[in-house]
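Quick note on the numbering used here: the sequence shown kicks off at 67 and runs consecutively.
Idealized CB from N, CA, C, for every residue including glycine.
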Amino acid sequence: MTGEGHGMAVVGAGLVGSLTALLLANRGHHVDVYERRKDPRKVGDAAGRSINLALSERGWRALEKAGALEAVREIAMPVKARCMHGLDSGLTYQPYGLPGKGRFGHDECIYSVARGPLNRILLQAAEATGQVDVHFEHRLEDFSVSQDAVSLAFDGRSPLRHDRLFGTDGAFSAVRQRMMKGDRFDFSQSYLAHGYKEIAMPPGEDGGFAIDPEALHIWPRGHFMLMALPNPDRTFTCTLFAPFEGPEGFSGIPDVASARAYFEAHFPDVLDLVPDFDRDWKSNPTSSLITTRCNPWHSGDRVLLMGDAAHAIVPFYGQGMNSGFEDARVLADLLDDQAGHPSDEAWTRLMSDFTRLRKANGDAIGDLALRNFIEMRDRTGDPRFLLRKRIERRLTDRHPDRWVPLYSMVTFTHLPYAEALELGRIQDGIMDEVMARPDIDTVWDGNEVERHALELAAERLPRTDTA
Ligand SMILES: Cc1cc2nc3c(=O)[nH]c(=O)nc-3n(C[C@H](O)[C@H](O)[C@H](O)COP(=O)(O)OP(=O)(O)OC[C@H]3O[C@@H](n4cnc5c(N)ncnc54)[C@H](O)[C@@H]3O)c2cc1C
């Protein structure tokens with residue numbers, strides 16, 4: 067039974083849509099969720115999407131607000147460090163954060179969660195409120211807004227009327243496409259020249275993880291790289307990021323034999339650990355990566371874009387889902403600022419406040435993600451870059467209140483992304499000066515370097531509230 071003529075419509079029952087429905091329902095709204103796919107609880111998860119994701123502080127806070135933190139915690143695996151694999155199979159570890167400062171009494175770390183189970187937990191929690199009806203196999207084709215309602219058209223069915231529409235239908239959002247037909251709506255998209263393909267690494271012969279499960283593994287090789295993130299079933303999901311064209315690109319790997327040769331040349335320690343390499347290489351798609359930006363994220367008092375529908379970003383900061391969850395949390399905060407259910411007038415204000423609060427941050431995390439791509443791909447194997455990171459790490463270990471690295475601001479705090487990006491720019495300037503010392507290789511861990519960096523930080527970095 068659909069909520070014809072009243073209540074909220076959420077289009078897209080992915081991660082952000084499910085969480086948004088739960089947060090709206092927790093605030094007493096009736097929600098109809100429309101999803102073009104079949105119910106994943108009946109047919110299994112859709113193939114071709116990233117299988118696991120890194121969940122970090124912004125995501126946890128939103129889950130906590132929705133009352134879903136404990137259920138998600140049960141399926142989340144702490145990942146404490148990056149582990150870089152050299153061509154000679156040598157390993158370099160970089161811890162993600164500070165000891166004992168993270169959630170659940172852990173060191174600051176990220177958490178690997180599987181997309182399917184996470185989506186199911188959120189959908190189930192939303193339905194369990196008794197306020198949410200999920201309608202699978204409903205593909206939104208169009209909508210129109212009148213004075214008192216928004217009418218949604220699905221697959222040739224008669225239009226369904228709702229009070230508000232939340233577009234959480236992903237990077238190629240039909241809601242956004244409809245908004246683009248209106249006046250003064252900006253939109254841009256750009257594809258990365260790189261794509262990705264996933265390959266499963268099963269447990270080792272002893273039934274345990276084949277490689278260290280407390281690390282996110284990276285094989286940085288200049289303009290391409292392999293990554294691996296653990297799953298609770300003791301497998302790893304490995305993802306090859308490579309250009310579509312050119313040397314070492316997907317176009318140069320036309321079949322399984324050449325893919326094997328490619329892995330032997332560039333990731334020699336991996337092939338023996340993936341016995342189903344041939345099957346995975348053939349059957350898993352090579353997918354593209356897109357950044358989108360749009361403005362505004364709302365239309366009047368009736369329609370709001372959130373998650374990838376508002377800001378699709380490349381996955382290299384592990385923040386796509388986290389930023390979408392933060393969108394949902396900010397929406398809930400704005401609703402909590404209202405006394406009772408907002409009037410149409412209050413919704414107009416609330417939706418434009420949402421665009422104002424979130425748009426610049428969506429753009430910033432898009433920029434940061436593109437920047438991290440270069441860093442992970444090209445620089446994590448560069449000795450000067452590793453030295454720079456060691457100096458920053460030393461500053462943070464010894465003066466955690468005076469030097470918070472950009473990665474930590476993004477991953478372990480709630481500082482708006484746009485502010486983190488700006489602070490990161492200032493820190494880059496400071497570190498450029500520190501690294502310019504001719505004797506930096508030998509004196510990097512001395513008091514002189516520390517004092518110099520902290521003096522520059524005191525001069526240039528504003529005091530910020532990261533809570
Ligand atoms: C390789 C890769 C790795 C990633 N790793 C991370 C990570 O480590 N950490 C992180 O935070 N993020 C990561 N992300 C990003 C993350 O996957 C997305 O940001 C997140 O899935 C966005 O959620 P969403 O609900 O906004 O959109 P989606 O997950 O895309 O969900 C949209 C939903 O809408 C439905 N839909 C689409 N069109 C319609 C329609 N017309 N009508 C009805 N329903 C419709 C779709 O079927 C889908 O269920 C990664 C992404 C990729 C590609």
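Quick check: does the Cβ of residue i come within less than 7 Å of any heavy atom belonging to ligand 1?
| i | result |
| --- | --- |
| residue 298 | no |
| residue 547 | Nothing can be reported for residue 547, as the shown portion of the chain is limited to 67 through 533. |
| residue 432 | no |
| residue 387 | yes |
| residue 234 | yes |
| residue 421 | no |
| residue 144 | no |
| residue 358 | no |
| residue 370 | no |
| residue 96 | no |
| residue 101 | yes |
| residue 396 | no |
| residue 351 | no |
| residue 159 | no |
| residue 381 | yes |
| residue 257 | no |
| residue 83 | yes |
| residue 384 | yes |
| residue 119 | yes |
| residue 480 | no |
| residue 80 | yes |
| residue 373 | yes |
| residue 454 | no |
| residue 415 | no |
Tell me whether the beta-carbon of residue i lies closer than 8 Å to the beta-carbon of residue j.
| i | j | result |
| --- | --- | --- |
| residue 234 | residue 76 | yes |
| residue 176 | residue 477 | yes |
| residue 388 | residue 124 | yes |
| residue 375 | residue 357 | no |
| residue 301 | residue 293 | no |
| residue 73 | residue 97 | yes |
| residue 290 | residue 314 | yes |
| residue 496 | residue 523 | yes |
| residue 474 | residue 297 | no |
| residue 431 | residue 515 | no |
| residue 400 | residue 86 | no |
| residue 182 | residue 80 | no |
| residue 452 | residue 158 | yes |
| residue 119 | residue 126 | no |
| residue 384 | residue 122 | yes |
| residue 462 | residue 164 | yes |
| residue 334 | residue 259 | no |
| residue 248 | residue 365 | yes |
| residue 231 | residue 241 | yes |
| residue 489 | residue 527 | yes |
| residue 369 | residue 245 | yes |
| residue 141 | residue 188 | no |
| residue 373 | residue 82 | yes |
| residue 460 | residue 511 | yes |
| residue 346 | residue 265 | yes |
Should residue i go down as buried or exposed, given a rule of 16 or more other Cβ atoms within 10 Å for buried?
| i | result |
| --- | --- |
| residue 238 | exposed |
| residue 327 | exposed |
| residue 267 | buried |
| residue 381 | buried |
| residue 440 | exposed |
| residue 114 | For residue 114, the pLDDT reaches just 49, beneath the cut-off of 50, and the residue's location in the model is therefore unreliable, leaving the point undetermined. |
| residue 210 | exposed |
| residue 411 | exposed |
| residue 311 | exposed |
| residue 466 | exposed |
| residue 69 | Residue placement at residue 69 is flagged as unreliable, the pLDDT there being 43, under the threshold of 50; the coordinate-derived value follows with that caveat. Per the 10 Å Cβ criterion, buried. |
In the DSSP assignment, what are the bridge partners of residue i?
| i | result |
| --- | --- |
| residue 263 | 306 |
| residue 118 | 180 |
| residue 198 | 97 |
| residue 420 | Note: residue 420 sits in no beta bridge, so no partner. |
| residue 160 | 148 |
| residue 286 | 291 |
| residue 233 | 77 and 371 |
| residue 539 | Because the chain is modelled from 67 through 533, residue 539 falls outside the range shown and cannot be assessed. |
| residue 356 | 257 |
| residue 143 | 178 |
Exercise for the section: Check whether the stretch 182-195 touches the stretch 88-108, counting contact only when three or more Cβ pairs, one atom from each stretch, lie closer than 8 Å. Expected result: In this structure the stretch 182-195 lies against the stretch 88-108, because at least three pairs of beta carbons, one per stretch, are closer than 8 Å.
Handout entry: Cβ contact check for the stretch 84-95 and the stretch 158-176: 3 or more pairs under 8 Å
Key = They do not touch, by the three-pair rule.
Practice task
Give a yes or no on contact between the stretch 385-399 and the stretch 425-445, applying the rule of three or more CB pairs nearer than 8 Å.
Solution key: A contact exists between the stretch 385-399 and the stretch 425-445.
Problem - Cβ pair count under 8 Å reaching 3, the stretch 337-356 against the stretch 199-206 - result: These segments do not touch.
Problem - the stretch 272-284 touching the stretch 141-155, judged by at least three CB pairs closer than 8 Å - result: Using a Cβ-Cβ distance cut-off of 8 Å, the stretch 272-284 and the stretch 141-155 are in contact, since at least three pairs of beta carbons, one from each stretch, lie closer than that value.
Practice task
Inspect the CB distances between the stretch 348-356 and the stretch 212-221 and report whether three or more fall short of 8 Å.
Solution key: Under the three-pair Cβ rule at 8 Å, the stretch 348-356 does not count as touching the stretch 212-221.
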